[in-house]
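**Q** Take 409 as the starting number for the sequence shown in this note's numbering and just add one per residue. For reference, the structure I am asking about is given below.
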Amino acid sequence: MSSTKRILIVSNRLPVKIQDNEGEFTYQNSEGGLATGLSSVYQQGDNIWIGWPGAVVADNQKLKVIGALEERKLHPVFLTEEEVSDFYEGFSNETIWPLFHYFPSYAQFEPRYWDVYKSVNEKYAEIILNIATKDDVIWIHDYQLMLLPSLIRKKLPGVTIGFFQHIPFPSYEIFRLLPWRKEILCGILGADLVGFHTYDDTRHFIDSVTRILGNTAIANELMVEDRKVVIDAFPIGIDYEKFHKLSEDATVRRNERKLKKLINNNKLLISIDRLDYSKGILHRLKAFRLLLERYPDLKGNIRLIQLIVPSRDNVAQYKELKEEMNRMVTDINGDFGTFSWQPIHHFYRSFPVNLLSTLYKAADVALVTPMRDGMNLVCKEYVASKVDKKGVLVLSEMAGASRELSEALMVNPNDIWDFCEKIYAALEMPEAEQKRRMTSMQDVVSKFDVFTWVKNFTERLEEVKEQQLSLSTRIINFETRSKIASQYQKAAKRLILLDYDGTLVPFQNNIYSAVPDAPLLNLLEKLCNDPLNKLVITSGRDYKTLNTWLGHLNAGMIAEHGAWYRTLDGQWHNRRDLNNEWRNEVYNVMDVYARRTPGSYIEEKSYSLVWHYRRVEEGLGELRARALMDDIKHFIADHGLQLLQGNKVIEIKSMAINKGKAAKRWLEKDDYDFIMAIGDDHTDEDTFKAMPSSAVTIKVGNSPSSAIYTLNSYKEVRNFLSVLANEEMPGEQNMLRKAIISDVQWPRN
Ligand code: GDG
409 MSSTKRILIV SNRLPVKIQD NEGEFTYQNS EGGLATGLSS VYQQGDNIWI GWPGAVVADN
469 QKLKVIGALE ERKLHPVFLT EEEVSDFYEG FSNETIWPLF HYFPSYAQFE PRYWDVYKSV
529 NEKYAEIILN IATKDDVIWI HDYQLMLLPS LIRKKLPGVT IGFFQHIPFP SYEIFRLLPW
589 RKEILCGILG ADLVGFHTYD DTRHFIDSVT RILGNTAIAN ELMVEDRKVV IDAFPIGIDY
649 EKFHKLSEDA TVRRNERKLK KLINNNKLLI SIDRLDYSKG ILHRLKAFRL LLERYPDLKG
709 NIRLIQLIVP SRDNVAQYKE LKEEMNRMVT DINGDFGTFS WQPIHHFYRS FPVNLLSTLY
769 KAADVALVTP MRDGMNLVCK EYVASKVDKK GVLVLSEMAG ASRELSEALM VNPNDIWDFC
829 EKIYAALEMP EAEQKRRMTS MQDVVSKFDV FTWVKNFTER LEEVKEQQLS LSTRIINFET
889 RSKIASQYQK AAKRLILLDY DGTLVPFQNN IYSAVPDAPL LNLLEKLCND PLNKLVITSG
949 RDYKTLNTWL GHLNAGMIAE HGAWYRTLDG QWHNRRDLNN EWRNEVYNVM DVYARRTPGS
1009 YIEEKSYSLV WHYRRVEEGL GELRARALMD DIKHFIADHG LQLLQGNKVI EIKSMAINKG
1069 KAAKRWLEKD DYDFIMAIGD DHTDEDTFKA MPSSAVTIKV GNSPSSAIYT LNSYKEVRNF
1129 LSVLANEEMP GEQNMLRKAI ISDVQWPRN
């Protein structure tokens, strides 16, 4: 991060292995990719890393451990046996892990796990809040701490929080199965920037938020109350140089020669995984067996070294997986092996990193074929280790890494027949093609290494915070509100232009339900009855509805974006110069979509047609709207029409009318010393642009706008107007007092 802010890294585990030898602790730094990448952050300046040291520490040992970790710039969160069991092994690994890796039938929905998950997240929050200040940057990692961002946000509202999830985010249909889905989403949304490995993960997350919580998304941004939260993909990399250099190390080269001799110069295939059902171990063994059956000539000429890192083999699913794996390996070796050759060399343990490097270097083919993986670093390490560029990667399309490593031979691990053929193709691939593919993959892996990943994430986080700040300076606060109120009071001739839907009333599923309520009518009456005011309602609605709802007011009106307008004498006028010959044709196209799409309907106005899809199933409406726009765009261009894409509506109208042109009519009529325009959607942008630079222009909502100020919702607009409309015309003091009353209760949500 280029700023001088302190960064607190938070993850479930600290990057250290601590071992308790009867009260004497040893500390060994972890060599994992994440630890290496983040060491470029937490070892600088005052930065620190907060997390669980990985062992249960007795109370009387805690101070000692804290001291030892502090020297390494680490700060511990101590967990009890019960917390490790219910929070980490329980909710994190038996609920979230299987569900997020698309194994819903393995997921345990156990309320006790959830309670402890919550309380451990609160424990982390408490510790962080003892350390953090509002000026710090807090970077939280992974699925064990999904509630943490909002727990911190509640106590430190302005602090910068990034959240990165290392495992996949599943599609809405899977995620919705979780009984605590709302809490999890709200928890993550406490962050300012939420990162995943792939675009699909971001899409799934945004989809779940919009469907479950109902927030609006604009591209990859979500509005959470008045805060913009950005969701983006940051594919993690590895320490490329480390693996590249390691494979040229003298020991590694010596080991490689020995290994090749030991396996009689057979072609070598490798697989390296933790024991886990998400890794596709059994599918791979099936494909390998099929390979030996289909291509008997390979017998005696190839070997698979399978390294499985032990994991949770006391848990039923893992125990069964291990038993089945062992049985399959034994069967394959028993069925195909000879006195001098066995197809699979199976290791159930972990290797030191230089032996890992030897395997990467020596392997002709790497099989990285998970059923689902957030990213998968093994395949990137294999690519980085191929100094001579010879070797083929067979990669599952279900691994996040498949999005970047497009030159791998891609497999769907469920399709063991194609899987088997891909392994064969890998073994047979000519050297020139191997080199071409490997060069291209090395370009990607070396460029997007773990240090670039850290840089990209932290810089984007800083950028998001800056955008939030520039947005918040536009939000009308106590001071700006008082300033505008005082300008208003001093003015003798005022023009006030107010949009209706989304500005004065909330959006409704049925457009005819947005009837003005009594408090709104009172408020508008107060404004209209002030002889110094000229109030104009500027709406896209049809004039008849506006007249029915607001006709009794002493107000001007612009209806249907300016096709109709009402002068202060109550007379309606329409633009007779407009042509309507295009209507039938556009209507017929819209009608096809209206009939095909349950919940959608056409609204007919005098000079425009509107297709509404607010009541259509989420997603389907957007899909149909895009198709409709596509169908109609050439016709529109040829007929001087304009397509307006609003909030769940598509409107086709004549290019000759817009709210800005209509507003000018009022501007030209008089000289005003106070002009104000308020609106919420992009049709109001024409009004804002038509205003003189001295005007107060206010956008409702946070999307980009040419308006000077922002208010968050129709409720804030009403509160703001009620301050201006104060009947008593109070003195400065009273006005200021009223200006801070912002919790007036309006009837609808
Ligand atoms: C999460 C996500 C995502 C493996 N065996 C040995 C050994 N390893 C090292 C490898 C590699 C790492 O473990 C495994 O890579 P993963 O990608 O599976 O990383 P995880 O942290 O387990 O998983 C995953 C990742 O986070 C990063 O965001 O890619 O999708 O599940 O670095 O080299 N290392 C040594 N001996 C072994 O036997 N020394």
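Backbone N, C-alpha and C fix where the C-beta goes; we use that ideal spot for every residue, glycine too. Since the model is a prediction, treat every value here as computed from it, not as a measurement.
Going along the chain, which residues of its own chain have a beta-carbon closer than 7 Å to the beta-carbon of S748, five neighbours each way excluded?
**A** Position 340 of the sequence shown, counting from 1, holds the residue named residue 748. Answer for S748: no residue qualifies.
**Q** Helix, strand or coil for R361 per DSSP?
**A** Past the edges of the chain, shown from 409 to 1157, lies residue 361, and the structure says nothing about it.
**Q** On the three-state DSSP scale, how would you describe E1012?
**A** Numbered from its first residue, the sequence shown carries residue 1012 at position 604. E1012 falls in the strand class under three-state DSSP.
**Q** Would a C-beta distance cut-off of 8 Å place E629 and V637 closer than the cut-off?
**A** Counted from its first residue, the sequence shown places residue 629 at position 221. Counted from its first residue, the sequence shown places residue 637 at position 229. Result yes, Cβ atoms of E629 and V637 sit closer than 8 Å.
**Q** Could you check the C-alpha separation between S719 and M733 for me, to the nearest Å?
**A** Locating residue 719 in the sequence shown gives position 311, where the first residue counts as 1. Locating residue 733 in the sequence shown gives position 325, where the first residue counts as 1. Their Cα atoms are separated by approximately 14 Å.
**Q** Can you give the Cα-Cα distance for L912 and F571, rounded to whole angstroms?
**A** By 1-based counting over the sequence shown, the position of residue 912 is 504. By 1-based counting over the sequence shown, the position of residue 571 is 163. Approximately 36 Å between the Cα atoms of the pair.
**Q** Expressed to the nearest angstrom, what Euclidean distance is found between the alpha-carbon atoms of G782 and Y908?
**A** The residue labelled residue 782 in the question sits at position 374 within the sequence shown. The residue labelled residue 908 in the question sits at position 500 within the sequence shown. Cα to Cα, G782 sits roughly 46 Å from Y908.
**Q** Do you know whose CA, among V465, I966, H574 and F886, lies nearest P484's CA?
**A** Sequence index remark: in the sequence shown, residue 484 carries index 76 (1-based). Here the closest residue by C-alpha is V465.
**Q** How would you label F1082, buried or exposed, when you count the other beta carbons within 10 angstroms and need 16 or more for buried?
**A** Within the sequence shown, the letter at position 674 stands for residue 1082. Buried.
**Q** State the Cα-Cα distance for the pair R702 and L712, rounded to the nearest angstrom.
**A** As a first step, residue 702 is located in the sequence shown; it is residue number 294 there, counting from the start. As a first step, residue 712 is located in the sequence shown; it is residue number 304 there, counting from the start. So the two alpha carbons sit approximately 16 Å from each other.
**Q** If you scan the stretch 537–616 from start to end, which runs of the beta strand (DSSP E) of 3 or more residues do you find wholly inside it?
**A** 545–549, 568–572 and 601–604, all fully within the stretch 537–616.
**Q** Across the stretch 745–761 and the stretch 603–623, are there enough close Cβ pairs to call them in contact, namely three or more that are closer than 8 Å?
**A** Flag = no, the stretch 745–761 and the stretch 603–623 do not touch.
**Q** Check the C-beta distance from L931 over to L1129 and give it rounded, since I have them as a contact under 8 Å.
**A** Residue numbering aside, residue 931 sits at position 523 when the sequence shown is read from its first letter. Residue numbering aside, residue 1129 sits at position 721 when the sequence shown is read from its first letter. Their Cβ separation, rounded to whole angstroms, is 6 Å, which keeps L931 and L1129 in contact under 8 Å.
**Q** Where does the unbroken beta strand (DSSP E) through G1054 begin, and where does it stop?
**A** Working through the sequence shown from its first residue, we reach residue 1054 at position 646. From DSSP, the beta strand (DSSP E) with G1054 extends over L1049 to G1054.
**Q** Do you know offhand how far V786's Cα is from E993's?
**A** Within the sequence shown, numbered from 1, the residue matching residue 786 stands at position 378. Within the sequence shown, numbered from 1, the residue matching residue 993 stands at position 585. Going from the Cα of V786 to the Cα of E993 covers about 58 Å.
**Q** Kindly identify the DSSP beta-bridge partner or partners of K1061.
**A** The residue given as residue 1061 occupies position 653 in the sequence shown. Its beta-bridge partners are S1016 and Q1050.
**Q** In its own chain, which residues sit with a C-beta less than 6 Å from the C-beta of A515, not counting the 5 before and 5 after it?
**A** As a first step, residue 515 is located in the sequence shown; it is residue number 107 there, counting from the start. Within the same chain, A515 has close Cβ partners T503, P506 and L507.
**Q** Please state the DSSP three-state secondary structure of F517.
**A** In the sequence shown, counting from the first residue as 1, residue 517 sits at position 109. DSSP places F517 in coil when its eight states are reduced to three.
**Q** Under 7 Å from any heavy atom of the ligand GDG, does the C-beta of R682 make it?
**A** Within the sequence shown, the letter at position 274 stands for residue 682. Within the cutoff, so yes.
**Q** Assuming the contact rule is C-beta atoms closer than 8 Å, I426 and V449 should be a hit. Round their C-beta distance to whole Å, please.
**A** Walking along the sequence shown from the start, residue 426 turns up at place 18. Walking along the sequence shown from the start, residue 449 turns up at place 41. Contact flag wrong, Cβ pair sits at about 21 Å.
**Q** Taking 6 Å as the limit between beta carbons, can you name the residues of its chain near E1059, skipping five residues before and five after?
**A** Here residue 1059 refers to the residue found at position 651 of the sequence shown. Here the set comprises S1016, V1018 and L1052.
**Q** I need the straight-line Cα distance from I548 to I456, nearest angstrom please.
**A** As a working note, residue 548 is residue 140 in the sequence shown. As a working note, residue 456 is residue 48 in the sequence shown. So the two alpha carbons sit approximately 12 Å from each other.
**Q** Count the other CB atoms within 10 Å of the CB of E968; is the residue buried (16 or more) or exposed (fewer)?
**A** In the sequence shown, counting from the first residue as 1, residue 968 sits at position 560. E968 comes out buried.
**Q** With distances taken from CA atoms, which of P557, S500 and N918 is nearest R520?
**A** The sequence position of residue 520 within the sequence shown is 112, counting from 1. Nearest C-alpha to R520: S500.
**Q** Identify whether R697 lies in helix, strand or coil by the three-state DSSP scheme.
**A** Position 289 of the sequence shown, counted from the first residue, corresponds to residue 697. In this structure, R697 counts as helix in the three-state DSSP scheme.
**Q** Would V1104 and M1084 be called neighbours here (beta carbons separated by less than 8 Å)?
**A** For the purposes of this step, residue 1104 is taken as residue 696 along the sequence shown, with counting starting at 1. For the purposes of this step, residue 1084 is taken as residue 676 along the sequence shown, with counting starting at 1. Result yes, Cβ atoms of V1104 and M1084 sit closer than 8 Å.
**Q** With a CB to CB cut of under 6 Å and the five nearest residues on each side skipped, what residues in its chain are close to A1166?
**A** The structure shown does not extend to residue 1166, since the chain is modelled only from 409 to 1157, so the question has no answer here.
**Q** Nearest to A1115 by CA position, among P760, K794, N820 and I883, is which residue?
**A** Here residue 1115 refers to the residue found at position 707 when the sequence shown is read from its first residue. It is I883 whose Cα lies nearest to the Cα of A1115.
**Q** Do N455 and the ligand GDG come close, with the Cβ less than 7 Å from some heavy atom?
**A** On the sequence shown, position 47 is the one that residue 455 refers to. Incorrect: N455 has no Cβ contact closer than 7 Å to the ligand GDG.
**Q** In the structure shown, what three-state DSSP assignment does K413 receive?
**A** Locating residue 413 in the sequence shown gives position 5, counting from the first residue. Of the three classes helix, strand and coil, the one that applies to K413 here is coil, per DSSP.
**Q** Alpha carbon to alpha carbon, how far is I474 from G459?
**A** For the purposes of this step, residue 474 is identified with residue 66 of the sequence shown, where counting begins at 1. For the purposes of this step, residue 459 is identified with residue 51 of the sequence shown, where counting begins at 1. For I474 and G459, the distance between alpha carbons rounds to 12 Å.
**Q** Can M783 be considered in contact with the ligand GDG, in the sense that its beta carbon sits closer than 7 Å to one or more heavy atoms?
**A** On the sequence shown, position 375 is the one that residue 783 refers to. Indeed, a heavy atom of the ligand GDG lies less than 7 Å from the Cβ.
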